[in-house]
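Just add 1 to wherever you are in the sequence shown, counting from 1, and you've got our numbering.
Backbone N, C-alpha and C fix where the C-beta goes; we use that ideal spot for every residue, glycine too.
Let me begin by presenting the structure, written as structure tokens, before commenting on it.
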Amino acid sequence: MTPEPGPSTPAGAPTPSPARPARPVRGRRPRRGRYGVHLFLTAVCLVFAAPLLLAVQASLRPYEETARHGYLSWPKKLSFAYYHEAYTSSGMGRHFLNTLVITLPAVVVTLFLAAFVAFAVSRLRVRGGLALLMFFTAGNLLPPQVLVTPLYVLFLRVDLPWWMSDSMSLYDSYWAVVVVNIGFQLGFCVFVLAQFMRTLPQEVLEAAVVDGAGVWTRFWRITLPLCRPALAALATLEFTWIYNDFLWALVFLSDPDKLPITSALNNLRGQFFTDHNLLAAGSILVALPTILVFLLLQRHFIAGLTLGAGKG
2 MTPEPGPSTP
12 AGAPTPSPAR
22 PARPVRGRRP
32 RRGRYGVHLF
42 LTAVCLVFAA
52 PLLLAVQASL
62 RPYEETARHG
72 YLSWPKKLSF
82 AYYHEAYTSS
92 GMGRHFLNTL
102 VITLPAVVVT
112 LFLAAFVAFA
122 VSRLRVRGGL
132 ALLMFFTAGN
142 LLPPQVLVTP
152 LYVLFLRVDL
162 PWWMSDSMSL
172 YDSYWAVVVV
182 NIGFQLGFCV
192 FVLAQFMRTL
202 PQEVLEAAVV
212 DGAGVWTRFW
222 RITLPLCRPA
232 LAALATLEFT
242 WIYNDFLWAL
252 VFLSDPDKLP
262 ITSALNNLRG
272 QFFTDHNLLA
282 AGSILVALPT
292 ILVFLLLQRH
302 FIAGLTLGAG
312 KG
């Protein structure tokens, strides 16, 4: 029914609709705060990037120019001559191969064993799982320098066949460095993967059990594919840490031809004079593989770091 016109409404005129309440206008976020945050983050990035930028600038300039005008002066001549000299004079190609022989098996075995232990602790509810997880985590609290002497004596007494080590022992072989890196990195990976596996939906594994899936199927076909972001983030970190390791190779390898790339920089130092521009070029070449790995796994690495950020 159409309401009758009121005393103030003329006959035949349409009845005005009731006014809708005005929507509250959301106050805009002040932009000064955003500008301040951007300026702060830019300053932090410049502080962290300053050594790298200075090394790049020094590697492209002749040593005579930097010795005369200083490293912070404006460059007058740029060239890539130092990069070629650093690669050829230090035998960097051979040391790159040594590093890959050590790093790749150590990363793969570490992640594989860590995934096994994390699955058992977080999904199978084994007895003493929490104590086992605490044991692996506590292993990271030991400083590596404490175990240098006991491991050195132990590796001297462990014999290997000739086809595994030309020194006929674990000492002075790639196996020694690989085993030590696996042992020291395993605890951190177990802790991270166990915490991530706890966030996976339990209904998925329960449905797999109902369908008759065994432990290996639940681990290999269900859990590991769901852990891909976490595994990619750990692979990036582990590759960087093991690649940049200098202590273990220096202690357990006596043959200079077996040393990894981090020790190749020592070949660029002269007995009486060190060209720091040449050393900077060598450092940039050494850092390139880690930068390449991060760029290739950047999307998975960031996804792994932000897992669970929107929960709770």
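- The C-alpha of R124 lies about 8 Å from the C-alpha of M198.
- Inclusion of L260 and N99 in the CB contact set at 8 Å is warranted, their separation being smaller than that value.
- By the Cβ test, the segment 163 to 181 is not in contact with the segment 205 to 223, since fewer than three Cβ pairs between them sit closer than 8 Å.
- For S174, the three-state secondary structure derived from DSSP is coil.
- At the C-beta level, A87 and G283 come within 8 Å of one another.
- Take the alpha-carbon of W176 and the one of I103: they are about 8 Å apart.
- If you draw a straight line from the Cα of L206 to the Cα of V57, it comes to about 51 Å.
- For R128, no alpha helix (DSSP H) run applies, since DSSP gives it neither H nor E.
- Contact between V149 and V38 does not hold, since their C-beta atoms are separated by about 44 Å, which reaches or exceeds 8 Å.
- Looking from the CA of L114, the closest CA among S264, I262, R35 and L187 belongs to L187.
- With respect to the C-alpha of L266, the residue from H96, F49, Y36 and L79 having the closest C-alpha is H96.
- With contacts defined by Cβ atoms closer than 8 Å, F189 and N141 form a contacting pair.
- The criterion of a C-beta distance shorter than 8 Å is not satisfied by V193 and T237.
- Exclusion of the five residues before and after G92 leaves A265 and N268 as the residues of its chain whose Cβ lies within less than 7 Å of its Cβ.
- In the structure shown, the three-state DSSP call for D160 is strand.
- Separation of I223 and D212 (C-alpha to C-alpha, rounded to the nearest whole angstrom) is 13 Å.
- The DSSP-derived three-state label of A214 is coil.
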